[in-house]
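Asker:
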Amino acid sequence: MSDALTLDAISKTYNPGRANALMVLDGASLALKAGEIVALVAPSGAGKSTLLHIAGLLDDTDAGRVLVGGTDMTGLSDALRTAARREDIGFVYQFHHLLPEFSAIENVMLPQ
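With the working numbering, letter number 94 in the sequence shown gets 126, and the count goes up by one each step, no holes.
1) Given this structure, state the Cα-to-Cα distance separating K80 from A115, to the nearest angstrom.
2) Distance, Cα to Cα, D104 vs R97?
3) Let me confirm a value: L131 is counted as buried when at least 16 other C-beta atoms fall within 10 Å, else exposed. Which label applies?
4) Candidates G49, V140, R50, T106: which alpha carbon is nearest I86's?
5) Report yes or no: do the region 108 to 122 and the region 62 to 70 share at least 3 C-beta pairs separated by less than 8 Å?
6) One question on the structure: do K44 and D91 come within less than 9 Å of each other, judged by their Cβ atoms?
7) Pull up the distance between the alpha-carbon of S34 and that of N139, whole angstroms please.
8) Got a sec? Which residues, its chain only, sit under 6 Å from V56 by beta carbon, not counting five neighbours each side?
9) Since L72 contacts L84 with CB under 8 Å, what's their CB separation in whole angstroms?
10) Starting from I69, trace the beta strand (DSSP E) in both directions and tell me its first and last residue.
11) Just to confirm, are L108 and D40 a CB contact at a threshold of 9 Å?
See the structure below:
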């Protein structure tokens, strides 16, 4: 059985090729089984949010692969990434990202 989520050798640099380039992930890998509970703890600026954004198909990688349920999500179009997020991925944010025009329960129910 494949892992629910696999991040394989993920790398991400902001502002690549510039003097202010910042490599936040360099070959990071992670494999999670379905139902596994994981806490990601590291100092500020260590790349936690970037890793979660990549795992959630919100950001692209510079290198490496993201697999959800064994399916390679690397290089998918925005439309296919959106569909995968809608059907296969759930988030618990450290900050509230709620739409103000909806109640908390309506926000949780989106999209339906």
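For every residue, glycine included, the Cβ atom is placed at its ideal position computed from N, Cα and C.
Answerer: Judging by the given coordinates:
1) Here residue 80 refers to the residue found at position 48 of the sequence shown. Here residue 115 refers to the residue found at position 83 of the sequence shown. Using only the alpha carbons, I get a separation of about 24 Å.
2) Locating residue 104 in the sequence shown gives position 72, counting from the first residue. Locating residue 97 in the sequence shown gives position 65, counting from the first residue. Cα-Cα distance, rounded: 7 Å.
3) Sequence index remark: in the sequence shown, residue 131 carries index 99 (1-based). For L131, the number of other beta carbons within 10 angstroms of its own is below 16, and it is reported as exposed.
4) Residue 86 sits at position 54 when you count from the first residue of the sequence shown. Out of G49, V140, R50, T106, T106 has the C-alpha closest to the C-alpha of I86.
5) No, because fewer than three Cβ pairs between the region 108 to 122 and the region 62 to 70 fall closer than 8 Å, the two stretches do not touch.
6) For the purposes of this step, residue 44 is taken as the residue at position 12 of the sequence shown. For the purposes of this step, residue 91 is taken as the residue at position 59 of the sequence shown. In this structure, K44 sits near D91, with a CB-CB distance shorter than 9 Å.
7) By one-based count along the sequence shown, residue 34 stands at place 2. By one-based count along the sequence shown, residue 139 stands at place 107. Near 31 Å, if we compare the C-alpha coordinates of N139 and S34.
8) As a position in the sequence shown, residue 56 is number 24, starting the count at 1. Answer for V56: K44, G79, T82, listed in chain order.
9) For the purposes of this step, residue 72 is taken as residue 40 along the sequence shown, with counting starting at 1. For the purposes of this step, residue 84 is taken as residue 52 along the sequence shown, with counting starting at 1. Right, their Cβ atoms sit about 7 Å apart.
10) Walking along the sequence shown from the start, residue 69 turns up at place 37. DSSP places I69 outside any beta strand (DSSP E), giving it a letter other than H or E.
11) Locating residue 108 in the sequence shown gives position 76, counting from the first residue. Locating residue 40 in the sequence shown gives position 8, counting from the first residue. At least 9 Å separates the beta-carbon of L108 from that of D40.
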